[in-house]
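Below is one structure, written out as structure tokens; comments come after it.
Residue numbers (my numbering), protein chains in the order written: chain C, 1 to 471; chain X, 1001 to 1471.
The structure is reproduced here in structure tokens:
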């Protein structure tokens, strides 16, 4: 067995691992990156990037019109080009250009060299032993398959498979009304597929305030999607050449394909974590501290062991992974700072788009904060009047005692763009009265912010007279 | 002559005057609003609103394609609907519903009642004398006509006339490459008019950093606009049924119509300001303090006299006027605060859009600040890769000694939306290192901000080692 020693070994080269590897190598560290799959993770090949390419193409198709089959074929080409034909050689080259050594294979932690508590960590990949003073786990997440009877016997897709396939089903059932389910419902419905979107919860995007899911459901229905809320699929089976899904308490649905988008789970099994005293929680997530150091069962950080991205279970987005990658790189390079997740955005790239940041009023109240909420219809802004506001709405959540903006949620055109201002405001703990005094360009979407902030500011000034307190 | 007494008289009911009138009336004050033109000013009828409606229609036409004449006719209908057919009855009703009395006519200040220094101000409108303890001047601005020989003898348009006309000239010369000239060049060129855009300065949008105007010129040229920079029109004359513009040092141009968009001037003449000791400056602007109180020739505020909007010459945008309206209303209602213009955005709604806020590096250096500049191509972001970045670029300006963000400029898709974050950052005097630590949604346009902020933060941290100091 070959043994090699590095400053840093990265297990998993998704968005987070890639950033740490590149930054540490650029600063002169010796770095090895281990991945059994594509270098670059899932985002560029089978997740965010191809789905966003399809969403853009779908939106243009709806605007421009034309034949569905032809437009879909063109969209698939655009998707696959954006996904670099699922070829990771560019990502490999970029890392190698930074000086990172790439090892293809499954990496397994094997404790510390010589078993000494202060020694390097050891990662085994096939015939190689890689010693490193720091190891970053960035193994991502994997789709959760719901325990539905018969599901294994019918043609299903994961989102990864959907985003790699040229097929445009005649009828498609999507299980799960989270971000992925909603985005792909919009894509396929835009290209003429009959989509039925099945969500067990009483609303879409269950993590966002109620108005968001309700309005997104309305927009998807307008596009022709059959949105079924509170829908429990009890079994699946063949039905001629098609698929029949049985629902609890309502008529079943017959489709040609089932897309399973019922969530993901941190990929933390079979990594040898137990050799360094780490046991993932029930969700599979690796607990980390503010420097992304992995915590052992006794909640103390394991020397030299870090985790970034979906495997931490903190906020399963590419941008969280990238951010955590920067946090770890800064820590390793001596300019460390604590991660602050307060301003991490939650964006859904449907049309209308969805953007959320920070806390809901309910969450704030649950921790005893006197939270105030106000909102505005985007149709009541000049931009909405000019461009159409597609059922858009913005709501802000403020701490009545301090005036600090705690959270913001919106659905509406371009919400992924103009809501960035509110993410920054949450992160910088800005007072809503400053927001109320900020000048927004006429007629930009962000003009919606001012009247809401002004009303909240007045309520804070009046010391929360009219405020709704914790339940 | 009838004499009536009010708490507030507003001269000019544009965006600023309208806000003060409505807010004071809503709070129970007696308010009279005087306007010789349309209630609501120019923005809703013959300026921002119709031009933005046309820009949206033009963009859709370019995307969707189709016959120019038909698409233009449809765009003109959309424009005129957005401009409420230039009928101000809705605005009148809105103000009246708040309890504002509207007087049609020219208002003239006539000093103070009885000539006593502590008495009400007096405004005369025809046969009426209006006494008020506060008067707000919101008379706006008017187009400046350049002194070009023969210009009065050829068919010209002001932007107001262009935005009211159904005509689509075969060939159109636009004098002036500011925001209005660039926006209307894009509109007409999109609908097939042969546009020649003549700007005397060496670049378009002379108030923004060089890269902005250069890239906008490239985008307009790609659309077919003949952009001529450093172009001096020396004379205009009839040429058959058409117009010939003579240029200094280059071949003339022959067009069917000339749109004059060479800037505007505060409308402060013939208002009787001298009766209260006020003399507008050379630019025509009324000097005001941070509460929008008009300053007399001796720089002391004139009791009870305020000005808002273009007539103050501060930042000639609807959103500045509205903001100043809120500042005056708050002052009159006892909750006064000083205006802060640091975060006032400058948006141009072309495609690519332009957005600027705060100071340029040159301006900061001129006042002795050690200013650092960094930028990024929007094509280097994930969103640019997915959606096309249309020559987009972002630049940030930072104070090397404090890290504070001083200014930001961008050109690129949706810059009017996603740059709001930077306007807030300038207004809130946020440190660029906080911006560098802010998480942006993948793949949103605002991801461009992070690497620029990070580079600037590193330069600030290294105490400006590599910084370019004041010249």
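Quick reminder that beta carbons are idealized off the backbone N, C-alpha and C, glycines included.
Counting contacts by CB-CB distance shorter than 9 angstroms, is residue i in contact with chain X?
i              : result
residue 518(C) : Residue numbering for chain C in the displayed model covers 1 to 471; residue 518(C) lies beyond these limits and cannot be assessed.
residue 170(C) : no
residue 157(C) : no
residue 421(C) : yes
residue 340(C) : yes
residue 6(C)   : no
residue 3(C)   : no
residue 518(C) : Lying outside 1 to 471, the shown extent of chain C, residue 518(C) is not represented and no answer is given.
residue 395(C) : no
residue 49(C)  : yes
residue 67(C)  : no
residue 117(C) : no
residue 15(C)  : yes
For chain C, check one thing: does any of its Cβ atoms lie closer than 9 angstroms to the Cβ of residue i?
i               : result
residue 1042(X) : no
residue 1442(X) : yes
residue 1028(X) : no
residue 1466(X) : In this predicted model, residue 1466(X) has a pLDDT of only 44, less than 50, meaning its place in the structure is not dependable; the value taken from the coordinates is given anyway. So no, residue 1466(X) is outside the interface.
residue 1182(X) : no
residue 1063(X) : yes
residue 1031(X) : no
residue 1018(X) : no
residue 1447(X) : yes
residue 1359(X) : no
residue 1056(X) : yes
residue 1123(X) : no
residue 1379(X) : no
residue 1038(X) : no
residue 1560(X) : Past the edges of chain X, shown from 1001 to 1471, lies residue 1560(X), and the structure says nothing about it.
residue 1060(X) : yes
residue 1164(X) : no
Is there at least one Cβ from chain A nearer than 9 angstroms to residue i's Cβ?
i              : result
residue 105(C) : Going by chain labels, chain A is absent from the structure shown, which instead holds the protein chains C and X.
What residues of chain C sit near residue i, judged by a beta carbon separation below 9 angstroms?
i               : result
residue 1153(X) : Here the premise fails: no neighbours, minimum Cβ distance about 36 angstroms.
Can you round the beta-carbon distance between residue i and residue j to whole angstroms, since I take them to be within the 8 angstroms contact cut?
i               : j               : result
residue 1213(X) : residue 1206(X) : 7 angstroms
residue 1197(X) : residue 1179(X) : 12 angstroms between Cβ atoms; not a contact.
residue 175(C)  : residue 261(C)  : 6 angstroms
residue 1109(X) : residue 1100(X) : Their Cβ separation, rounded to whole angstroms, is 19 angstroms, which puts residue 1109(X) and residue 1100(X) out of contact at 8 angstroms.
residue 386(C)  : residue 1052(X) : 5 angstroms
residue 1121(X) : residue 1128(X) : Actually they are not in contact, since the Cβ atoms of residue 1121(X) and residue 1128(X) sit about 14 angstroms apart, beyond 8 angstroms.
residue 1187(X) : residue 1095(X) : 31 angstroms between Cβ atoms; not a contact.
residue 1427(X) : residue 1310(X) : Contact flag wrong, Cβ pair sits at about 21 angstroms.
residue 408(C)  : residue 370(C)  : Actually they do not touch by this definition, with Cβ atoms about 18 angstroms apart.
residue 49(C)   : residue 13(C)   : Actually they are not in contact, since the Cβ atoms of residue 49(C) and residue 13(C) sit about 15 angstroms apart, beyond 8 angstroms.
Output, in chain order, the set of chain X residues within a Cβ distance shorter than 7 angstroms of residue i.
i             : result
residue 52(C) : 1386 and 1443
If the cut is a Cβ gap below 8 angstroms, which residues of chain X does residue i touch?
i              : result
residue 463(C) : The premise fails here: residue 463(C) is roughly 15 angstroms from chain X at the closest Cβ pair, so nothing lies under 8 angstroms.
residue 45(C)  : The contacting residues do not exist; residue 45(C) stays about 13 angstroms from chain X at best.
residue 345(C) : 1439, 1440, 1441 and 1444
residue 283(C) : The contacting residues do not exist; residue 283(C) stays about 22 angstroms from chain X at best.
When you compare only the Cα positions, how much space is there between residue i and residue j?
i               : j               : result
residue 1443(X) : residue 345(C)  : 11 angstroms
residue 1307(X) : residue 288(C)  : 56 angstroms
residue 461(C)  : residue 406(C)  : 17 angstroms
residue 1200(X) : residue 1227(X) : 11 angstroms
residue 404(C)  : residue 356(C)  : 16 angstroms
residue 1211(X) : residue 1093(X) : 45 angstroms
residue 246(C)  : residue 1060(X) : 43 angstroms
residue 265(C)  : residue 279(C)  : 15 angstroms
Name the chain X residues whose beta carbon is nearer than 9 angstroms to that of residue i?
i              : result
residue 434(C) : 1424, 1427 and 1428
residue 292(C) : In chain order: nothing, as chain X lies at least about 14 angstroms away.
Mind listing the chain C neighbours of residue i? Cutoff is C-beta to C-beta under 8 angstroms, in chain order.
i               : result
residue 1417(X) : 414, 417, 418, 444, 445 and 446
For the segment 1404 to 1415 of chain X, enumerate the residues whose C-beta is nearer than 7 angstroms to any C-beta of chain C, in chain order. Taking 7 angstroms as the upper bound on Cβ-Cβ separation, chain C lies near residues 1414 of the segment 1404 to 1415 of chain X.
Of all the residues that make up the segment 1303 to 1325 of chain X, which are near chain C by a beta-carbon distance shorter than 8 angstroms? For the segment 1303 to 1325 of chain X, which is checked against every Cβ of chain C, the residues closer than 8 angstroms are 1317, 1318, 1319, 1320, 1322 and 1323.
For the segment 1072 to 1098 of chain X, which residues have a beta carbon sitting closer than 7 angstroms to at least one beta carbon of chain C? Residues 1082.
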